[in-house]
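Participant: Residue numbers (the working numbering): 2 to 1038. Heads up, the beta-carbon is just placed ideally off N, CA and C, and yes, glycines get one too.
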Amino acid sequence: MFKRANSLVRFAVERRVTMGMVVAGILVLGWLSLTRMPLEFLPAFSSSNITVRAPYRSSSPEEVERLLVRPLEDSLGTINGIDTMSASAAADGARVRISFIDGTDMDMAAMEVRDRIDRVRHLLPSDLERVTIRRFQTTDIPVLRFDISADWPQERLYDFAENILLRRLERLDGVAQVDIDGLRIPELQVNLDPARLQAHSVDVRQLVTLLRNNNVNVSGGEIREGSRKLLVRNVGEFSSPEEIRALPLNSRGLRLGDVAEVAYTFPQQEDFNYLNGVESLTVRVNKTSSANVLAVVKPVKAELEAIRELPEAAGFDYHIFADASRDVRKGLGQLRDAGLLGGLLAILAMYLFLRRFRTTALVALAIPISVVSTFVLLYFLRQLANLDITLNVVSLAGLMLALGMLVDNSVVVIESIFRHRNELGESSYVSALHGASEVALPIVASTATTICVFLPLIFLGGGGRFELYMLNIGVTVCIVMVASLLVALTVVPMAAVTLLKTQDARPNGWIDGLKRLYGGVLELTLRHRFLFVLSILAMFAGVIHLFGTIERSFSMRSLERQVIVKVDTPRQYSLAQTQELFEELYTLFDSRRDELDIADISYNYDRGTGRSRASWRRTRQFDLYLEDEEESDLTTAEVRDRLREILPVRAGVGLRISTSRGRHGSSGVEVELMGTDPVVLELLGQQVAAGLAGLPVIRDVDTSLESGDEEIHVQVQRERAMQTGLSSRAVAFTVNNALSSRAVSHFKTGEREVELMVQYREQDRETLDQLKNVPVFAGGTRVPLGALAEFAVVQGPRTIERENHLAKVTVSANTSSPTASFGAMQMIGGMMNQIAMPPGYEWSFGRWNRHMQRDQDSGLFALLFALPLVYMLMAALFESFTQPFTIMFSVPFALLGVGVVMKLAGQPWETMTMIGLIILLGVVVNNAIVLIDHINYLRQTGLDRREAIIRGGQHRLRPILITAVTTILGLTPMIAPFLFPQWFGPVEGRSATWAPMGLVIVGGLTTSTFLTLLIIPTIYSLIDDFTLFVKRVARAV
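Spelled out as structure tokens, the structure:
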């Protein structure tokens, strides 16, 4: 390997014009690669979860659980590879979420899920809408979300949205899908008049059957007429509302229009959505997997402006409140600024150490060439290896992290060349060749150790946030380090031949004095080796104690700043009262925009009829979008605290601040209770909620035990029904057909297929007395429903939750700060141990908390795995068992600095600090590698051990200090917002996400550099003595 490295150096020095052309080609390819790399907000990610959704409106959660959830659970539960299966039943349908174990073939799993659903399709309700199967991917995250508003009639708004807005946006390159939430879709309504039905003795069940049977097209085979083959098709579908009105109901000339109003119209508005006080619809734009975020969003914005200028769009307006391209641009801007600032600081530091402008410029040249080379390698890996590599906020963070390490290899090379040129008097050609070749081994070894710490990812598997971030950061850092190594072994020697033509033996006063001082200190440490060994042991004990005092956090840092306020109103609240309440709350929040750093206020509520079509949306809540951290003075936690103080108290109204996860983030803790009896779970849930409310770090306790809509239970009296020849099923079908808002068939009009709805008129289905008078026909005899059944008004659940075939209740809460989750979980664990769980009932922390625990377990595994990998790699490179052991002492030296800086900064252990520690493990040994390798080289030239240690330390003092200082200064832009929130805004968003990673590296590298220079030489001499002693004993034996 090193012979090849030396050959590469020789080629670069001898073929300088060729190397110049290679560099020029890399610059051109780098620009092309950067412009062609996809830009994303988050890395490409495919979940190991599959979600099955079955919309079933106008139902109760109990009915959905019985008719949908349990059959789906029984069928889907037989699939191999399932980790957990959770389900929920609500008034508008069922949802089943299946989590598969790591390594499952998800394409095959999706096929099996669809097959199992097909097997039980005959057991599901016949009027069930289409069952959808979805596997989450990052392309499911909208790249643009905006609200549209227009004071138009509903018909004009629908026509504009369907025929202008959607069509013009969906035709743009890179746009995969455009969805509009809250847009009412027209339907064909058959509103029955019960009085006319009774007068003509029309049975609703028969009427619905008649509609279904007369609205079909059926293939009739084919006939041959001579040489022609003609297909036969029975055309029976309705083509117009008039045709439906004319449908005969009996042989006496009775038509459907005689007993019902048939109209192509819009349904009653059930959901209300507002943005900044204006009623609006929310539009979500998704891009294709291969499209560039910036290349998609920019044309969409331009198209929106063009649409707004259309004559037919007078009165139309839109407001963008979530823009992924803005986040990407912001990340690129931060990377650019960090690169410029970090690079400038690193160059200044190098000049202070080298005091030579040409030498400093030569090293600085490595920064842009290495960065550009990184883009080339990333693009080639994407194209040739078919890897889904993108530029996203995570990979950009990795690139920002690596900026400080870009010049490390070049600094070592140029310092060695500089020494050969000015101290040994070699020519520029010979000094470039010998100087670069001399340090080829240590810089290859140091680069290899940085790369090898990412190898444990191969064995982690899974799709957690730790694996996702570690993989993207790791790939970027590895490519950057490979690029910097190649630049150090080629471009730097090539340029040195030209730039270092003349010798420059000017003394460097302060660095020469520092070398003399350092030499004296080494003399002292070598004379008092055992005293230093005792100090090392004391240091290790201090490290262990210090790490035991650092808090741990299981919370996920969110990249969004958002607060959710949920609103619970009494069920007797009318729509007018709900509107008044929300307007009052909006006025309150709007008046505190500046105080609370609120950028946008979105809120939504439903009519409360249980017929909401906004399936799976959170209704009756405020979403407060906060200003970016750079433009704000408050953290999200501080905003939540202030909101608690100003939220009004209103009788019967519940206002609570909900836990918010945002994109790749979560806050708070969850406790899940599971068992067989929902009543017992409800009691346990109330007990746990009361216990959580008493814990000091817990805020905003919430449960899944929300009461749902009031329900009228119709209990058919079987004896009465049998006397009239009716069954409970026949009675239920009659009630369902009369009152349900589910479609009985479909009606094709133009380019759309709309739902055909049959139900009583709105004014005929408002009271309990009207329900009792619903006629049920038996053998031509009309019997009122009230004569066949008993009625009871009860409070139903809003949602029924299940997990692994057991009923589930979830208790959730916020914590007093984002770093308090681990302490809160310990308190909750102690509290739960005091609660007597009945046999067959169990509890666990929520899914997000379990994911955080898994991430930290993965981080610990990767860290413990990386340690022996680094040792084995160095043993192979040095062909020694003992010298790598000496170098590994750099790790505890680094841990001392990590512990100190985390304690001073109040930073807990979390996912990003674990990633930073793993990267530090590969970086921190580099100084010791460079030092030990040069000591070995000097001993091979004939110097005794003591002289080689002292002189080797003096020779390598400057490059070690330069690489450490440049790395630390290069990371300064990343950690500065974390350390100085008074200048950069609250520690949230990117500063809270990425800064802990840089903080760990800076703290560890600072102490490790200092202690490596002082203690590693002493340990080297002790271990060398021990090795000699073992050899003497072995020879004696």
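1) State the Cα-Cα distance for the pair ALA162 and HIS747, rounded to the nearest angstrom.
2) For MET832, which residues of its own chain have a beta-carbon under 6 Å away from its beta-carbon, when the five flanking residues on both sides are left out?
3) Give me the Cα-Cα distance between PHE433 and PHE1030, rounded to the nearest whole angstrom.
4) Per DSSP, what kind of secondary structure is SER613 in: helix, strand or coil?
5) Exposed or buried, which one is MET22 when buried takes at least 16 other CB atoms within 10 Å?
6) Return the bridge partner residues of SER845 from the DSSP annotation.
7) Using a Cβ-Cβ cutoff of less than 8 Å, which residues in the same chain neighbour TYR587 once the five nearest sequence positions on both sides are dropped?
8) Which whole-angstrom value is the C-beta distance of ILE658 and ASN850, which I expect to be below 8 Å?
9) Could you compute how far the alpha carbon of LYS288 sits from the alpha carbon of GLY332?
10) Which two residues bound the contiguous beta strand (DSSP E) that contains GLN178?
11) Take GLN335 as the anchor and find which of PHE317, ILE370, LEU402 and LEU379 has the nearest alpha-carbon.
12) Suppose you measure from the CA of ILE480 to the CA of GLU468; what does that come to, to the nearest Å?
13) Measuring CB atoms only, is the segment 417–435 touching the segment 447–457, in the sense that at least three cross pairs come out at less than 8 Å?
14) For HIS421, count the other beta carbons within 10 Å of its own beta carbon; 16 or more makes it buried, fewer makes it exposed. Which is it?
15) Assign TRP617 to buried or exposed, taking buried as 16 or more other Cβ atoms, counted over all protein chains shown, within 10 Å of its Cβ.
16) Where are the beta strand (DSSP E) runs, 3 residues long or more, that stay fully inside the segment 676–706, in chain order?
17) Quick one: residues in its chain with C-beta nearer than 7 Å to the C-beta of THR968, no 5 flanking neighbours on either side, listed in chain order?
18) Based on Cα-Cα distance, which residue from ILE551, ARG572, THR139 and SER705 lies nearest to ALA90?
19) Starting from TYR265, trace the beta strand (DSSP E) both ways and give me its first and last residue.
20) For MET853, does the count of other Cβ atoms within 10 angstroms reach 16, so buried, or fall short, so exposed?
21) In terms of residues, what are the limits of the beta strand (DSSP E) holding ASN605?
22) DSSP three-state call for ALA186: helix, strand or coil?
23) Mind checking who ARG623 pairs with in its DSSP beta bridge?
24) For LEU684, tell me which candidate among ILE647, ARG762, MET838 and PRO785 has the shortest Cα-Cα distance.
25) Any idea what DSSP makes of VAL1031, helix, strand or coil?
26) Roughly how many angstroms separate the alpha carbons of ALA367 and LEU515, rounded to a whole number?
27) With the cut-off set at 8 Å, would you say VAL286 and VAL191 are in Cβ contact?
28) Nearest-angstrom Cα distance between PHE1027 and ILE1020?
29) I need the straight-line Cα distance from VAL899 to SER1009, nearest angstrom please.
30) Less than 8 Å separating the beta-carbons of TYR761 and PRO187?
31) Per the contact definition of three or more C-beta pairs closer than 8 Å, is the segment 631–644 in contact with the segment 567–576?
32) In angstroms with no decimal places, state the Cα-to-Cα distance between ARG530 and LEU1015.
33) Closer than 8 Å is the cut-off here; do at least three beta carbon pairs connect the segment 31–41 with the segment 55–67?
34) Quick check on this structure: which residue in GLN955, ILE545 and ARG185 has the alpha carbon closest to the alpha carbon of ILE933?
35) Would SER592 be called buried (16 or more neighbouring beta carbons within 10 Å of its own) or exposed?
36) According to DSSP, is PHE46 helix, strand or coil?
Facilitator: Put simply:
1) Here the question's residue 162 lines up with position 161 in the sequence shown. Here the question's residue 747 lines up with position 746 in the sequence shown. Their Cα atoms are separated by approximately 22 Å.
2) Sequence index remark: in the sequence shown, residue 832 carries index 831 (1-based). The residues are GLY692.
3) Within the sequence shown, the letter at position 432 stands for residue 433. Within the sequence shown, the letter at position 1029 stands for residue 1030. What sits at residue 433 in the sequence shown is Ala, not Phe. Rounded to whole angstroms, ALA433 to PHE1030 spans 40 Å at the Cα level.
4) Numbered from its first residue, the sequence shown carries residue 613 at position 612. Reliability fails at SER613, whose pLDDT of 48 lies under 50, so the model's placement of it is uncertain and the value that follows must be treated cautiously. In the structure shown, SER613 sits in coil (DSSP, three-state: anything other than H, G, I, E or B).
5) Residue mapping note: residue 22 aligns to position 21 of the sequence shown, counting from 1. Its Cβ having fewer than 16 others within 10 Å, MET22 is exposed.
6) Along the sequence shown, one-based indexing puts residue 845 at 844. Answer is GLU673.
7) In the sequence shown, residue 587 corresponds to position 586, counting from 1. Only TYR275, GLY278, ILE602, TYR604 and PHE623 meet the Cβ criterion.
8) Taking the first residue of the sequence shown as position 1, residue 658 is located at position 657. Taking the first residue of the sequence shown as position 1, residue 850 is located at position 849. Between ASN850 and ILE658 the Cβ distance is about 19 Å, and since that is not below 8 Å, they are no contact.
9) Counting from one through the sequence shown, the residue named residue 288 turns up at place 287. Counting from one through the sequence shown, the residue named residue 332 turns up at place 331. C-alpha separation (whole angstroms): 19 Å.
10) Locating residue 178 in the sequence shown gives position 177, counting from the first residue. Per DSSP, GLN178 belongs to the beta strand (DSSP E) from 176–182.
11) For the purposes of this step, residue 335 is identified with residue 334 of the sequence shown, where counting begins at 1. With respect to the C-alpha of GLN335, the residue from PHE317, ILE370, LEU402 and LEU379 having the closest C-alpha is LEU402.
12) Position 479 of the sequence shown holds residue 480. Position 467 of the sequence shown holds residue 468. Per the coordinates, the alpha-carbon of ILE480 lies some 18 Å from the alpha-carbon of GLU468.
13) Output reads no: the segment 447–457 does not touch the segment 417–435.
14) Taking the first residue of the sequence shown as position 1, residue 421 is located at position 420. That one is buried.
15) Stepping through the sequence shown from its first residue, residue 617 is reached at position 616. The pLDDT assigned to TRP617 is 39, lower than 50, so where the model puts this residue is not dependable; a value taken from the coordinates is nonetheless given after this. Here TRP617 is exposed: its Cβ has fewer than 16 other Cβ atoms, across all protein chains shown, within 10 Å.
16) Entirely contained in the segment 676–706, the beta strand (DSSP E) runs reaching 3 residues are, in chain order, 699–704.
17) One-based indexing of the sequence shown puts residue 968 at position 967. The answer, listed in chain order, is GLY405, MET406, ASP409 and LEU1006.
18) Position 89 of the sequence shown, counted from the first residue, corresponds to residue 90. The candidate whose alpha carbon is nearest that of ALA90 is SER705.
19) Taking the first residue of the sequence shown as position 1, residue 265 is located at position 264. Element bounds for TYR265: 261–266.
20) Looking up residue 853 in the sequence shown gives position 852. By the neighbour-count rule (16 or more Cβ atoms within 10 Å), MET853 is buried.
21) Along the sequence shown, one-based indexing puts residue 605 at 604. 599–607 is the span of the beta strand (DSSP E), which, as asked, contains ASN605.
22) Mapped onto the sequence shown, residue 186 falls at position 185. Sequence inspection shows Ile at residue 186; the Ala mentioned does not correspond to that position. Correct three-state label for ILE186: coil.
23) As a first step, residue 623 is located in the sequence shown; it is residue number 622 there, counting from the start. The displayed chain sequence assigns Phe, not Arg, to residue 623. DSSP, once it has assigned bridges, lists VAL566 and TYR604 as partnering PHE623.
24) For the purposes of this step, residue 684 is taken as the residue at position 683 of the sequence shown. Residue MET838 is the option with its Cα nearest to LEU684.
25) Position 1030 of the sequence shown, counting from 1, holds the residue named residue 1031. Correct three-state label for VAL1031: helix.
26) Taking the sequence shown and counting its residues from 1, the one referred to as residue 367 is at position 366. Taking the sequence shown and counting its residues from 1, the one referred to as residue 515 is at position 514. One alpha carbon belongs to ALA367, the other to LEU515, and they sit about 27 Å apart.
27) As a position in the sequence shown, residue 286 is number 285, starting the count at 1. As a position in the sequence shown, residue 191 is number 190, starting the count at 1. Here VAL286 is not near VAL191, since their CB atoms are 8 Å or more apart.
28) By 1-based counting over the sequence shown, the position of residue 1027 is 1026. By 1-based counting over the sequence shown, the position of residue 1020 is 1019. When only Cα atoms are considered, PHE1027 and ILE1020 end up about 10 Å apart.
29) In the sequence shown, counting from the first residue as 1, residue 899 sits at position 898. In the sequence shown, counting from the first residue as 1, residue 1009 sits at position 1008. Between VAL899 and SER1009, the C-alpha separation is close to 10 Å.
30) Numbered from its first residue, the sequence shown carries residue 761 at position 760. Numbered from its first residue, the sequence shown carries residue 187 at position 186. Taking 8 Å as the Cβ cut-off, TYR761 and PRO187 do not qualify as a contacting pair.
31) They do not touch, by the three-pair rule.
32) Residue 530 sits at position 529 when you count from the first residue of the sequence shown. Residue 1015 sits at position 1014 when you count from the first residue of the sequence shown. The alpha-carbon atoms of ARG530 and LEU1015 are separated by roughly 11 Å.
33) No, because fewer than three Cβ pairs between the segment 31–41 and the segment 55–67 fall closer than 8 Å, the two stretches do not touch.
34) Locating residue 933 in the sequence shown gives position 932, where the first residue counts as 1. The candidate whose alpha carbon is nearest that of ILE933 is GLN955.
35) As a first step, residue 592 is located in the sequence shown; it is residue number 591 there, counting from the start. That one is exposed.
36) In the sequence shown, the residue the question calls residue 46 occupies position 45. If DSSP states are grouped into helix, strand and coil, PHE46 belongs with coil.
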